[in-house]
Amino acid sequence: LAELRRAFTIGQLRARSTGLEEDQLVAAKEVKWNVTGPAKLAQQPDFAELRYDFSSGDIITLSRTLTTSFPVEHLRRLQLYFRPDDTWHALRLTVEKLGRRFVAERAIYLADHDWQIATWQGPSADDSLTKIKTWTLLKDAGKSEVRGPNEVRITLELDRTSALGAWLAKIWRNYRLTLDYIPFWRYVGTGLFLVILNLIGTLFSCSLAAYAFARLYWPGRGICFAALLGTMMIPVQVTMIPQFLIMQKLGWYNTLKPLWVMSFFGSAFSIFLLRQFLKGVPRDLEDAARLDGCGFLRIYWHIMLPLVRPTLAVIAIFTFLATWNDFMGPLIYLSDQRLYPLSFGLYAFQIQSLQPGTNAGIGMLMAGSLLMMLPVIAIFFFAQRYFLQGVTLTGMKG
-15 LAELRRAFTI GQLRARSTGL EEDQLVAAKE VKWNVTGPAK LAQQPDFAEL
35 RYDFSSGDII TLSRTLTTSF PVEHLRRLQL YFRPDDTWHA LRLTVEKLGR
85 RFVAERAIYL ADHDWQIATW QGPSADDSLT KIKTWTLLKD AGKSEVRGPN
135 EVRITLELDR TSALGAWLAK IWRNYRLTLD YIPFWRYVGT GLFLVILNLI
185 GTLFSCSLAA YAFARLYWPG RGICFAALLG TMMIPVQVTM IPQFLIMQKL
235 GWYNTLKPLW VMSFFGSAFS IFLLRQFLKG VPRDLEDAAR LDGCGFLRIY
285 WHIMLPLVRP TLAVIAIFTF LATWNDFMGP LIYLSDQRLY PLSFGLYAFQ
335 IQSLQPGTNA GIGMLMAGSL LMMLPVIAIF FFAQRYFLQG VTLTGMKG
């Protein structure tokens, strides 16, 4: 019966200090732990097998007090070599040192059958870096009786996971790892910041320019509008390098300014779309407003803008999609990973995942891509009515 039970294989346990000193706290050939719970530790030549049976209990604890060659206050990282048994049970680590107790922020699930390295690390400056985080954070959880200058107690707790819990852990694994491995919310915040500024700049500048082209009479209006339409035929690749040189001369390279300032200069397509709608607005409304003492700007703000809300919604959707999914802009203007929006941050994650030892795979990249798609999907479902209404009315007017 012992051979039929699950076996979780434990290898060596290593500790690393802030000065990059490394201790092999538990050698692979001498794995001695104090075991409590429905399990038995069987020593093998190069590792130990934890054979367990959860039919008589739900928690198994392995603990051991160890001594480091360096002061334990300099302990930075712990690494455990292990081979899971694909049961998806939860493994948690507790570290006790210098009178304090530290608990892992999240559990590690026993997935797959290959040898793996689990890494735990306390709070440090590394937490604010943008590199892939391959460790699990240790958080302070209270007092401990372990106080020796070179003494540390390690406790591994294996908790039984139900069938439903294992199924949910499999589904959410890549999403959880994506949120842990990369500064996902920093990327999201930068992307939302750019979206908001581009929305404000595009809607304001395009609506004001379209109002001038559609409702005001001034010398050269037709020529300027024809020139505006002509810019739509110029490929983006033609202006890419000159625009980059201008931004560099202004000192805006490696800043977010090139990614939103240009929106305040308008978009030819959006101006054309709004102009076509504004040309169909009856002149009587404008004349009545003038009789009431309204000037050009007041007519624009109180009369024209409320009438073009459907078209503004269409432009807002287009602007959101273009900004949220923008890859070329950050690629050209940004070199600091702290400034990356989500669209480019996932690309950086893909590049870093190719490095050895990151344990990041295509599953996490796909999970991040799906999370990036969620706002776009939500906008499609909640704003499609405004989109269809704006496109239809724009085509009918004028």
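Throughout the sequence shown, residue numbering follows the working numbering, covering -15 to 382 in sequence. Using N, Cα and C, we set each Cβ at its ideal position, and we do this for glycine too.
I need the DSSP call for residue i, collapsed to helix, strand or coil.
i: D124; result: strand
i: Y324; result: coil
i: D143; result: strand
i: L240; result: coil
i: G214; result: helix
i: T52; result: coil
i: E129; result: coil
i: R67; result: strand
i: Y201; result: coil
i: E5; result: coil
i: W104; result: strand
i: S47; result: strand
i: T186; result: helix
i: A332; result: helix
i: G352; result: helix
i: A196; result: helix
i: G173; result: helix
i: A(-1); result: strand
i: I155; result: helix
i: A95; result: coil
i: I138; result: strand
i: I207; result: helix
i: I287; result: helix
i: K381; result: For K381, the pLDDT reaches just 47, beneath the cut-off of 50, and the residue's location in the model is therefore unreliable, although a value from the coordinates is still provided. In the structure shown, K381 sits in coil (DSSP, three-state: anything other than H, G, I, E or B).
Which residue's Cα is closest to the Cα of residue i: the options?
i: L326; options: S251, S112, G352, L148; result: G352
i: E33; options: P68, T20, R48; result: P68
i: Y284; options: W169, E129, L77, Y195; result: Y195
i: F228; options: G313, G3, L50; result: G313
i: K241; options: M216, L178, P219, V220; result: L178
i: R48; options: K127, T78, I101; result: T78
i: W169; options: Y324, L46, L212; result: Y324
i: V87; options: R35, E141, F66, Y165; result: E141
i: T114; options: P359, L330, R322, M348; result: R322
i: S40; options: G21, L94, L192; result: G21
i: R0; options: R205, I43, R60; result: R60
i: A74; options: R144, A272, A332, L269; result: R144
i: F31; options: V56, S191, A(-9); result: A(-9)
i: I101; options: L64, S112, I116; result: L64
i: R137; options: V56, T71, G235; result: V56
i: M224; options: Q334, L296, L275, L315; result: L315
i: L122; options: D96, S128, R76; result: R76
Determine the extent of the beta strand (DSSP E) in which residue i is found, giving its start and end residues.
i: N18; result: 18 to 20
i: V87; result: 84 to 88
i: A74; result: 74 to 81
Taking its Cβ as the centre, do 16 or more other Cβ atoms sit within 10 Å of residue i, making it buried, or is it exposed?
i: P167; result: buried
i: T303; result: buried
i: W119; result: buried
i: T(-7); result: buried
i: D7; result: buried
i: L(-12); result: Caution applies to L(-12), whose pLDDT of 41 falls short of 50 and renders its modelled position unreliable; the value that the coordinates give is listed next. So L(-12) counts as exposed.
i: Y201; result: exposed
i: S254; result: buried
i: G3; result: exposed
i: G214; result: exposed
i: W244; result: buried
i: A193; result: buried
i: R90; result: exposed
i: M288; result: buried
i: A109; result: exposed
i: G(-5); result: buried
i: I361; result: exposed
i: F311; result: exposed
i: M217; result: exposed
i: L191; result: Rather than Leu, the amino acid found at residue 191 in this sequence is Ser. Buried is the call here.
i: W308; result: buried
i: T51; result: exposed
i: F66; result: buried
What span of residues does the alpha helix (DSSP H) with residue i cover, start to end?
i: I301; result: 293 to 308
i: Q28; result: Per DSSP, Q28 belongs to no alpha helix (DSSP H) and is neither H nor E.
i: A252; result: 252 to 262
i: K233; result: 220 to 233
i: Y317; result: 312 to 317
i: E270; result: 267 to 275
i: L113; result: Looking at the DSSP string, L113 is not in any alpha helix (DSSP H), and its letter there is neither H nor E.
i: I283; result: 280 to 283
Relative to the ligand GTP, is the shortest distance from any of its heavy atoms to the C-beta of residue i smaller than 7 Å?
i: V245; result: In terms of ligand content, the structure shown is empty, and the ligand GTP therefore cannot be addressed.
Between the stretch 151 to 170 and the stretch 103 to 111, do at least 3 Cβ pairs fall closer than 8 Å?
no
If we count Cβ pairs, one from each stretch, closer than 8 Å, do we get three or more for the stretch 174 to 185 versus the stretch 243 to 261?
yes
Are the stretch 129 to 146 and the stretch 71 to 89 touching by the rule of at least three beta carbon pairs closer than 8 Å?
yes
Stretch-stretch touch, CB-based, cutoff 8 Å, three pairs: the stretch 258 to 267 with the stretch 285 to 297
yes
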